[in-house]
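Peer 1:
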Amino acid sequence: MRGTPHGGERSRKVMVRVAMVVTNPCAPDPRVLRHAKWLMKAGYRVTVHAFDRSENHPLSENVDGVRIMRYQIGKASYGGKISTLIGLRKFSRRVRDTLLNDPPGLVYCHDADTLKIGVALKRAKAVPFVFDMHDLHHTWVRMEAPNSLLRSLVSGQYKQKMLSRAKHAECIITSSGAIEGGFHRGFAEWLEHHGLHSHVVENRPMPPFPEPSTSKRDGWTVGYLGRIRDIKSFELLLASILTMPTLERPHLRIAGDGIAAPKVRRMMMQAVEDGEIEATITGAFSSMEFSEIVQEIDVMYAMYSPQRGNILQGALPVKMFDAASHGVPTVVNDGCLMGEIVQSENIGMPATWNEIETVVNALKRAKEMTVELSHTGEREQRRWLSAMEPVLNGLQ
1 MRGTPHGGER SRKVMVRVAM VVTNPCAPDP RVLRHAKWLM KAGYRVTVHA FDRSENHPLS
61 ENVDGVRIMR YQIGKASYGG KISTLIGLRK FSRRVRDTLL NDPPGLVYCH DADTLKIGVA
121 LKRAKAVPFV FDMHDLHHTW VRMEAPNSLL RSLVSGQYKQ KMLSRAKHAE CIITSSGAIE
181 GGFHRGFAEW LEHHGLHSHV VENRPMPPFP EPSTSKRDGW TVGYLGRIRD IKSFELLLAS
241 ILTMPTLERP HLRIAGDGIA APKVRRMMMQ AVEDGEIEAT ITGAFSSMEF SEIVQEIDVM
301 YAMYSPQRGN ILQGALPVKM FDAASHGVPT VVNDGCLMGE IVQSENIGMP ATWNEIETVV
361 NALKRAKEMT VELSHTGERE QRRWLSAMEP VLNGLQ
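In terms of this note's numbering, the sequence shown is residues 1 to 396.
#1: According to DSSP, is L252 part of a helix, a strand, or is it coil?
#2: Starting from E289 and walking both ways along the alpha helix (DSSP H), at which residues does that stretch end?
#3: Assuming S176 contacts L316 (C-beta within less than 8 angstroms), just tell me the rounded distance between them.
#4: Tell me the rounded alpha-carbon separation between I297 and Q157.
#5: Hey, how far is the Cα of H168 from the Cα of N361?
#6: Which term fits I68, buried or exposed, when burial requires 16 or more other beta carbons within 10 angstroms of its beta carbon?
#7: When you compare each of I356, I231, C171, S240 to Y304 by their alpha carbons, which one comes out closest?
#8: Counting beta carbon pairs with one atom in the stretch 109-117 and one in the stretch 126-140, are three or more of them shorter than 8 angstroms?
#9: Please confirm if the stretch 268-275 is in contact with the stretch 286-301, defined as three or more CB-CB distances below 8 angstroms between the two stretches.
#10: Between which two residues does the alpha helix (DSSP H) containing Y44 stretch?
#11: Is T330 buried or exposed, if buried means 16 or more other CB atoms sit within 10 Å of its CB?
#12: Cβ atoms of M267 and F234: under 8 angstroms apart, would you say?
#13: To which residues of the same chain is Y71 closer than 8 angstroms at the C-beta, ignoring the five residues directly before and after it?
#14: Is DSSP giving G348 helix, strand or coil here?
#15: Do the CB positions of L191 and I172 come within less than 8 angstroms of each other?
#16: Roughly how many whole angstroms lie between the Cα atoms of N354 and K161?
#17: With a cut-off of 8 angstroms, do at least 3 Cβ pairs link the stretch 57-67 to the stretch 95-105?
#18: Could you round the C-beta distance between G223 and L337 to whole angstroms and report it? I think they count as a contact, below 8 angstroms.
#19: Rounded to the nearest angstrom, what separates S240 and I356 at their Cα positions?
#20: Which value, in whole angstroms, describes the spacing of the CA atoms of K397 and P350?
#21: For K319 versus L225, is the C-beta spacing smaller than 8 angstroms?
#22: Ignoring anything shorter than 4 residues, give me the alpha helix (DSSP H) runs that lie fully in the stretch 173-249, in order along the chain.
#23: DSSP three-state call for V16: helix, strand or coil?
#24: Examine chain B for any beta-carbon lying closer than 8 angstroms to the beta-carbon of E144, and answer yes or no.
#25: Put H110 into one of helix, strand or coil per three-state DSSP.
#26: Opposite G67 in the DSSP bridges: which residues?
#27: Of the residues Q313, A36, H35, P25, which one's Cα is nearest the Cα of H193?
#28: Would you kindly report the start and end of the unbroken alpha helix (DSSP H) that includes I82?
#29: Per the contact definition of three or more C-beta pairs closer than 8 angstroms, is the stretch 370-386 in contact with the stretch 257-266?
#30: By the 10 Å Cβ neighbour count, where 16 or more other Cβ atoms means buried, how is F183 classified, buried or exposed?
#31: What are the partner residues of F129, as DSSP defines its beta bridges?
#32: Assign Y304 to one of three DSSP states: helix, strand, or coil.
#33: Check I259 in the structure and name its three-state DSSP category.
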C-alpha cells in the first residue's frame, strides 16, 4: 500500500511511522512541529525524538497529535564546547539504538547533527531518510572564536561529514534560497555548489494572523525575541541607541534564553542602572507568549555578526517573518539574503554591521513602516508537499 501526501487513503497508511530527530527539546521548535503536523495531515504517525539538554521538560508530550519523546541523558549546553559534543554523541547513540530496535518507515533528520542517525538506519534497516537543513550547522563551532585554527579545523571536518552523509538522503529540504532577480545566495545555492540538490521551504508562520496592536503607548520599543547566542549583536544595539538623544531612545524588550543570555542581561541592566536606557528582559517563552510579547514592540532587531558563517551564506531569522505576521518591521543585516528579502517584501530595513549610524537610521525608518507578510506558511506548505511527494509515495 502506497501513500500519497495529499490525504485520501488516510486509513490505509495510518500505521506508517515517521521518526523526526532534533537536538533541542522541541519546546517548542516551530519548524519541526510545523513539518510534523504536515506529515500528520498527510496521514502519517509522527514521533519527534528530541534532546532535552537542560532536563527541565516533560519526557513525553503530545502536541496536537504529535508525540514528542525527550531524552534526558545528562545536561549539555549549546555552543561549541566539549560537553556539548559529548552530549550530542550520547543522544545520537541513544536515538539510533532506539530506532534500530523498532525501525520506523521514515527518518526525518532536522539539521546536520542528526544525519548520522538517518545514515545508520538506512544502512542497517534500509529505512529512507529526509534531511531538513535549517542552518549551516558546522559554522556554529567557530562562533565563539572565529579566528581559532582548531575551531576552523573542527568546523571543516563537520562540513565534510555533513556533505558525505547528506548525499544519501532521499530528499533535502532547506530554509533559504536566492530570490528571483536577487544577488545573494541562500542555503540552496550553497548546497548546489557542493553538488547537492535541495528544495527551499522557508520558516514562515501559518495564518490566520492577529490584527496589529493599535493601543497607544509612550515612546517606542525595539525588541529582540529569540535565542541569545552572541553578545556582539547586543553590544551593537546598545551602542547605537546610546548615540540617540536621550529623549528619543527606545525602550528595549528582550526575551529569550541561550548561551549568551546572562552576559546580555548583565550588560543591559548595568545600562539601566546608569540611567542610559530603559529595558525589560525576560527568559524563554512559548509560541503563545511570543504573540503577546511582540505586541509590545514597534521594531524587531535581528542583526548578527557576519563572522557567523551562515549569515552571508543565506541565514533567514525566523523572527523577521513572525514579526511581519504581527505587523512589526525588522532591522536585519544588509549585504546578504535577509537584507534583500526585507526590502523586496517591504517588511523591514537593512543596516550595515558595526556601522552605528546605519543601524540608528534603520531603526528609526523601520519605526515608521507599515508591514504585512504577503508570503506565508501556506506557500511553504505547498513547496514542502511538492518536495516530499516522491518520498511519501515510496513508503510502504
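All residues carry an ideal CB built from backbone N, CA and C; glycine is no exception.
Peer 2: The relevant details are as follows:
#1: For the purposes of this step, residue 252 is taken as residue 252 along the sequence shown, with counting starting at 1. DSSP, reduced to helix, strand and coil, places L252 within a strand of the structure shown.
#2: Within the sequence shown, numbered from 1, the residue matching residue 289 stands at position 289. Element bounds for E289: 287-293.
#3: Counted from its first residue, the sequence shown places residue 176 at position 176. Counted from its first residue, the sequence shown places residue 316 at position 316. The pair is a contact, with the Cβ atoms about 5 angstroms apart (cut-off 8 angstroms).
#4: Numbered from 1 along the sequence shown, position 297 holds the residue referred to as residue 297. Numbered from 1 along the sequence shown, position 157 holds the residue referred to as residue 157. Answer to the nearest angstrom: the Cα atoms are 41 angstroms apart.
#5: Sequence index remark: in the sequence shown, residue 168 carries index 168 (1-based). Sequence index remark: in the sequence shown, residue 361 carries index 361 (1-based). The alpha-carbon atoms of H168 and N361 are separated by roughly 47 angstroms.
#6: Taking the first residue of the sequence shown as 1, we reach residue 68 at position 68. By the neighbour-count definition (other C-beta atoms within 10 Å, threshold 16), I68 is a buried residue.
#7: Start at 1 with the first residue of the sequence shown, and residue 304 comes out as number 304. The residue from I356, I231, C171, S240 with its alpha-carbon nearest to that of Y304 is I231.
#8: Proximity of the stretch 126-140 to the stretch 109-117 meets the contact definition, three or more beta-carbon pairs being nearer than 8 angstroms.
#9: Here the stretch 268-275 does not lie against the stretch 286-301, with fewer than 3 beta-carbon pairs under 8 angstroms apart.
#10: One-based indexing of the sequence shown puts residue 44 at position 44. Counting along the chain, no alpha helix (DSSP H) covers Y44, and no H or E run does either.
#11: As a first step, residue 330 must be located in the sequence shown, where it is residue number 330. Flag for T330 reads buried.
#12: Against the sequence shown, residue 234 aligns to sequence position 234. Against the sequence shown, residue 267 aligns to sequence position 267. A contact, by the Cβ cut-off of 8 angstroms.
#13: In the sequence shown, residue 71 corresponds to position 71, counting from 1. Closer than 8 angstroms at the Cβ level, and outside the excluded window around Y71, lie H49, A50, F51, D52, F91, R94, V95.
#14: Residue mapping note: residue 348 aligns to position 348 of the sequence shown, counting from 1. The three-state reading of DSSP puts G348 in strand, counting E and B together.
#15: Here the question's residue 191 lines up with position 191 in the sequence shown. Here the question's residue 172 lines up with position 172 in the sequence shown. Taking 8 angstroms as the Cβ cut-off, L191 and I172 qualify as a contacting pair.
#16: Here residue 354 corresponds to residue number 354 of the sequence shown, with the count starting at 1. Here residue 161 corresponds to residue number 161 of the sequence shown, with the count starting at 1. Taking the straight line joining both Cα atoms gives about 33 angstroms.
#17: Because the criterion of three Cβ pairs below 8 angstroms is not met, the stretch 57-67 and the stretch 95-105 do not touch.
#18: Here the question's residue 223 lines up with position 223 in the sequence shown. Here the question's residue 337 lines up with position 337 in the sequence shown. About 22 angstroms separates the two Cβ atoms, so there is no contact after all.
#19: Walking along the sequence shown from the start, residue 240 turns up at place 240. Walking along the sequence shown from the start, residue 356 turns up at place 356. The straight-line gap separating the alpha-carbon atoms of S240 and I356 is approximately 5 angstroms.
#20: The chain is shown only over 1 to 396; residue 397 falls outside these bounds and no answer can be derived.
#21: In the sequence shown, residue 319 corresponds to position 319, counting from 1. In the sequence shown, residue 225 corresponds to position 225, counting from 1. Remark: C-beta atoms of K319 and L225 approach each other more closely than 8 angstroms.
#22: The qualifying runs are 187-193, 231-242.
#23: For this step, residue 16 is matched to residue 16 along the sequence shown. Secondary structure at V16: coil, using DSSP grouped into helix, strand and coil.
#24: Absent here is chain B; the protein component of the structure consists of one chain.
#25: Here residue 110 corresponds to residue number 110 of the sequence shown, with the count starting at 1. Three-state DSSP puts H110 in a strand.
#26: As a first step, residue 67 must be located in the sequence shown, where it is residue number 67. The sequence given here places Arg at residue 67; Gly does not occur at that position. Bridge partners of R67: T47, N62.
#27: In the sequence shown, the residue the question calls residue 193 occupies position 193. Looking from the CA of H193, the closest CA among Q313, A36, H35, P25 belongs to Q313.
#28: Here residue 82 corresponds to residue number 82 of the sequence shown, with the count starting at 1. Residues 82-101.
#29: They do not touch, by the three-pair rule.
#30: Here residue 183 is taken as the residue at index 183 of the sequence shown, counted from 1. By the C-beta density criterion, F183 is exposed, having fewer than 16 other C-beta atoms within 10 angstroms.
#31: Reading the sequence shown from its first residue, position 129 is the one you call residue 129. Beta-bridge pairing links F129 to V107.
#32: Here residue 304 refers to the residue found at position 304 when the sequence shown is read from its first residue. In the structure shown, Y304 sits in coil (DSSP, three-state: anything other than H, G, I, E or B).
#33: Within the sequence shown, the letter at position 259 stands for residue 259. Residue state, collapsed to three classes: coil.
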